[in-house]
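J.: For any residue, its number in our numbering is found by taking its place in the sequence shown, counting from 1, and adding 5.
Quick reminder that beta carbons are idealized off the backbone N, C-alpha and C, glycines included.
Since this is a predicted model, take the numbers as computed values, not measurements.
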Amino acid sequence: MIDLTGKRIVVLAGTKGIGYGVSEFLLKSGANVFFCSRSEANVRDTLNSLSWAGDRVSGTTCNLTKADSIERFFAKVGERYGKINGLFFNTGGPPPGRFEEIPLDLWDITYELLVRSAVKATQEALKIAERESSFVYLTSVAVKEPVPNLILSNSIRMSILGLVKTLSKEVTPDTGIRFNVVMPGYIRTQRVEEVARSRAIKMGKKIEDVMSEMVSNVPLKRMGEPWEVGALVAFLMSDLSKYINGAAIPIDGGLLNSII
Ligand SMILES: NC(=O)c1ccc[n+]([C@@H]2O[C@H](COP(=O)([O-])OP(=O)(O)OC[C@H]3O[C@@H](n4cnc5c(N)ncnc54)[C@H](OP(=O)(O)O)[C@@H]3O)[C@@H](O)[C@H]2O)c1
């Protein structure tokens, strides 16, 4: 097990799916976790189901598409923790669809959801980050190889790679803070079901058949579990990964075809 005892880590969009899996794994590794998401009910349910962690778990609402909401969230984190040791950037996924189906304003909305949110969260997190903190950003295998029917994700997520690599060149030398990206393939969550349902409707297939097709392209022949992303993030938050910086790491059961 990875030991994160004493670390104070912020998990964005931490109430469902991958974000929940990360919150839970970090807590099991001994960290203090402060998570957020938009819905009060989701925050309450998550606080209940993680209540075994006692006062090591905190959560509140935040809408990551709103800069003032992000500011208020980090102000609360600062009040609770003083300084932080880690940030896991995660947010909701953009709607599925092919190029001809996506109106222009959805490109702007997706930029706000996936990129502007990461910039603002990074600005706020840097104000309260200890030296040698670890910032980990969730993207997708879509940044290496386009995923069918996901034009918004395939296009706009690429910015996070440029952002994170540049931060690792500009910010790391003065602060020791490490910046890395994780790129999941198919992880078993509500979101992956939505993506499969959209594909199924389009292709006139059953959702179960589309899910099986997705898995058939994965050499390990299954979807990943949210806790497995949590385990990778815990490693990146830990001192075991102190020499990993500016990297983009897939967690996809071997789905990607590219060699590096
Ligand atoms: N699952 C996969 O296979 C996979 C693979 C690669 C990448 N991804 C990406 O990973 C991210 C998480 O996916 P997931 O599968 O875990 O999705 P999910 O199960 O739908 O969970 C999404 C989480 O994000 C929160 N959220 C959504 N919009 C938000 C916002 N504007 N501000 C704050 N919180 C927000 C949701 O809570 P509230 O509703 O309470 O806000 C929820 O906790 C998405 O960007 C997705 O595209 C997923």
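Under DSSP, the beta strand (DSSP E) around N90 begins and ends at which residues?
T.: I89 to F94
J.: Just list the residues that DSSP pairs S280 with in beta bridges.
T.: Because the chain in this structure spans residues 6 to 265, residue 280 falls outside the shown range and cannot be described.
J.: Can you check whether the CB of L111 is closer than 9 angstroms to the CB of P100?
T.: yes
J.: Which residue spans inside the stretch 197-262 form an unbroken beta strand (DSSP E) run of at least 3?
T.: 253-256
J.: Give every residue of the same chain whose Cβ lies closer than 8 angstroms to the Cβ of A201, excluding the five residues on either side of it in the sequence, and list them in chain order.
T.: These residues qualify, in order along the chain: I212, V215, M216 and M219.
J.: Report the start-end ranges of each beta strand (DSSP E) in the stretch 109-147 that is 3 residues or longer and not cut off at the edges.
T.: 134-143
J.: Per DSSP, R193 forms a beta bridge with which residues?
T.: Here R193 is not bridged, per DSSP, to any residue.
J.: Of all the options S138, A46, S263 and Y248, which has the alpha carbon lying nearest to the alpha carbon of T180?
T.: S138
J.: Under 8 angstroms by Cβ, that's how I've got G258 and P224 pegged, so tell me the actual separation to the nearest angstrom.
T.: 6 angstroms
J.: Tell me the rounded alpha-carbon separation between V48 and V38.
T.: Just so you know, the alpha carbons of V48 and V38 end up roughly 13 angstroms apart.
J.: What separation, rounded to the nearest whole angstrom, lies between the Cα atoms of C41 and A18?
T.: Going from the Cα of C41 to the Cα of A18 covers about 5 angstroms.
J.: What's the gap between the Cα of L237 and the Cα of N95?
T.: 14 angstroms
J.: Please determine whether the Cβ atom of T20 lies at a distance below 8 angstroms from any heavy atom of ligand 1.
T.: Yes, the Cβ of T20 comes within 8 angstroms of a heavy atom of ligand 1.
J.: Does DSSP put N37 in a helix, in a strand, or in coil?
T.: Strand, per DSSP.
J.: Excluding sequence positions up to five away, which residues of its chain have a Cβ less than 6 angstroms from the Cβ of A36?
T.: L9, K12 and I14
J.: Need the endpoints of the beta strand (DSSP E) that V82 sits in, please.
T.: V82 -> not in any beta strand (DSSP E); alpha helix (DSSP H) instead, spanning A72 to Y86.
J.: Alpha carbons only, please: which of I23, G97 and K132 is nearest the one belonging to L118?
T.: G97
J.: Going by beta carbon distance, what residues of the same chain come within less than 7 angstroms of K226, once the five residues before and after it are set aside?
T.: V220
J.: In this structure, how does DSSP classify V152 when only helix, strand and coil are distinguished?
T.: Judged by DSSP in its simplified three-state form, V152 adopts coil rather than helix or strand.
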